[in-house]
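Peer 1: Remember, my numbering sits 1 above the position in the sequence shown when you count from 1.
Take this structure, written in structure tokens, and hold onto it; I'll ask about it next.
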Amino acid sequence: MLLDAAREAAAEAVGCRVDELGFTPSGTAAVHAGVAGALAGRRRVGRHLIVSAVEHSSVLHSAEAQEKEGGSVTRVSVDRTGRVDPAGFASGLRSDTALACLQSANHEVGTVQPVTEVAEVCRAAGVPLLVDAAQSLAWGPVEGEWSVLAGSAHKWGGPAGVGLLVVRKGVRFAAQGPTDERGYGFENLPAIVAAAASLRAVRAEAAQEAVRLRELTERIRVRVPQLVPDVEVVGDPERRLPGIVTFSCLYVDGETLLHELDREGFSVSSGSSCTSSTLTPSHVLKAMGVLSEGNVRISLPRGATAEDVERFLAVLPGAVSGVRENLGAPTPVAVMKEDELVVDALGKRCPIPVIELAKVIGDVTVGGLIRVLSDDEAARLDIPAWCEMREQEYVGEEPAEKGTAYLIRRLR
């Protein structure tokens, strides 16, 4: 009875039939089961999968598994705000496309995706659309004619260890694992009940809380560039989740900045490659073509106050300034080569190559070239992003004896 009541409450919040919804041990498990089942159900159609380039890693890992098993994957690009173009998504659909995947909103930058429009082009092509709705279910049901939907309870404030998977009636779906909650072992009934209850509770105040949090994140989006020089606020400025705001600071080590803010009582995250959990830049920031170093992602919790935001804004400039001062010590090794300046940043990791570029840009005449030598993968993203922010021309890259040579032309 309790499980049935929880399923009914969750289905009402999602906007689906009760018999279309099942619970899983996590949101990741829901995504994996959804992708595998939808692909298996349409195996006769083909083995082509289409996803956006900014999907959550659970979707991208499923795509990699599909490729390893002999299938093919198309990754649809996004613009600088992190949003897919429905027309671009449509152009990636093929006669052998078995499934399309698109998140409802991005987990790193908060950009809301055009799910309704993409669902329409998928429906016209006869391709089911799986929506990863983990980030948006707290704020409302996902609009559009989607076919499969996955969610995660801890994203809306529920307990960890509960996900949900919705498969619309009529969708060709062949479950590749458990077909109900018992298939994963004895269901965690208390957690499932709590997940459904928490979803209903947050939805009851979602509209009012969304307005309040949006005002606070807008304050951060506007004030940070005013308080801190050389900052890029990323993500769609309008079509975005209420509580997420992300920005990147030039000449800043992301992990060091996180530690500085943590000491001041602020827990934030980062997509920078300098963070200890990864050696490569965030795939989301990379797909957007924006600066990854010195990246800060703020997710305001329900109940966050204007006083909390003001205190963060008071602390941030000093934290960034301190990190920049510590990183400004290295002197770039530069030599003249005919009409260009060569900066040797080999062996130096983020954001040193960009700092050294910034130090010498004024040493060449307008129209002159700078060649930055770097073996840090993050430079491939951050040097073009720096050029965009500083209105300099990024000419391109070419192989070097060691690492890669990045060419920049001074425009002003």
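All C-beta atoms, glycine included, are put in the ideal place defined by N, C-alpha and C.
#1: Residue ranges of each beta strand (DSSP E) run of no fewer than 3 residues wholly in the segment 234-313, ordered along the chain?
#2: Which residues in the same chain as P115 place their Cβ atom closer than 6 angstroms to its Cβ, once the five residues preceding and following it in sequence are excluded?
#3: Should R45 be labelled buried (16 or more other beta-carbon atoms within 10 Å of its own) or exposed?
#4: Just tell me which of R95, I193, A125 and P352 has its CA closest to the CA of A11.
#5: Over what stretch of residues does the beta strand (DSSP E) that includes D133 continue unbroken?
#6: If the criterion is Cβ atoms closer than 7 angstroms, does the pair V79 and R241 meet it?
#7: Helix, strand or coil: which one does DSSP assign to R84?
#8: Residue range of the beta strand (DSSP E) that A379 falls in?
#9: In the DSSP assignment, what are the bridge partners of P400?
#10: Going by DSSP in three states, L3 sits in which element: helix, strand or coil?
#11: May I ask which residues mark the beginning and end of the alpha helix (DSSP H) holding T25?
#12: Hey, how far is the Cα of V203 from the Cα of Q67?
#13: Which parts of the segment 136-223 are runs of the beta strand (DSSP E), unbroken and 3 residues or longer, counting only runs that do not cross its ends?
#14: Report the residue from G28, N107, H49 and V60 whose alpha carbon sits nearest the alpha carbon of V285.
#15: Contact check, A14 vs P142 under 8 angstroms by CB: the rounded distance?
#16: With distances taken between CB atoms, is the gap from G35 to S153 smaller than 7 angstroms?
#17: Which value, in whole angstroms, describes the spacing of the CA atoms of P331 and D254?
Peer 2: From the atom records:
#1: 245-250 and 296-300
#2: Against the sequence shown, residue 115 aligns to sequence position 114. If we look at P115 and ignore the five residues flanking it on each side, its Cβ neighbours are P87.
#3: As a working mapping, residue 45 is identified with position 44 in the sequence shown. Burial check for R45: the Cβ neighbour count within 10 Å stays below 16, so the residue is exposed.
#4: Locating residue 11 in the sequence shown gives position 10, counting from the first residue. It is I193.
#5: Along the sequence shown, one-based indexing puts residue 133 at 132. Where D133 is concerned, the enclosing beta strand (DSSP E) stretches over L130 to D133.
#6: As a first step, residue 79 must be located in the sequence shown, where it is residue number 78. As a first step, residue 241 must be located in the sequence shown, where it is residue number 240. Judged by their CB atoms, V79 and R241 are not nearer to each other than the 7 angstroms cut-off.
#7: For this step, residue 84 is matched to residue 83 along the sequence shown. Of the three classes helix, strand and coil, the one that applies to R84 here is coil, per DSSP.
#8: Position 378 of the sequence shown, counted from the first residue, corresponds to residue 379. That residue, A379, is in no beta strand (DSSP E); it is neither H nor E in DSSP.
#9: As a first step, residue 400 must be located in the sequence shown, where it is residue number 399. Answer is T405, bridged to P400.
#10: Within the sequence shown, residue 3 is the residue found at index 2, counting from 1. Looking at L3 - three-state DSSP - the assignment turns out to be helix.
#11: Walking along the sequence shown from the start, residue 25 turns up at place 24. Going by DSSP, T25 is part of no alpha helix (DSSP H) but of the beta strand (DSSP E) stretching over L22 to T25.
#12: Position 202 of the sequence shown, counted from the start, is the residue given in the question as residue 203. Position 66 of the sequence shown, counted from the start, is the residue given in the question as residue 67. Answer to the nearest angstrom: the Cα atoms are 36 angstroms apart.
#13: 149-153 and 164-168
#14: Position 284 of the sequence shown, counted from the first residue, corresponds to residue 285. Residue N107 holds the alpha-carbon nearest to the alpha-carbon of V285 among G28, N107, H49 and V60.
#15: On the sequence shown, position 13 is the one that residue 14 refers to. On the sequence shown, position 141 is the one that residue 142 refers to. Going by Cβ atoms, the distance from A14 to P142 rounds to 7 angstroms, so yes, they are a contact pair.
#16: If you number the sequence shown from 1, residue 35 lands on position 34. If you number the sequence shown from 1, residue 153 lands on position 152. Not in contact: G35 and S153 (Cβ atoms no closer than 7 angstroms).
#17: The residue given as residue 331 occupies position 330 in the sequence shown. The residue given as residue 254 occupies position 253 in the sequence shown. In this prediction, P331 scores a pLDDT of 35, lower than 50, which makes its location untrustworthy; the coordinate-derived value is nonetheless stated afterwards. Their Cα atoms are separated by approximately 14 angstroms.
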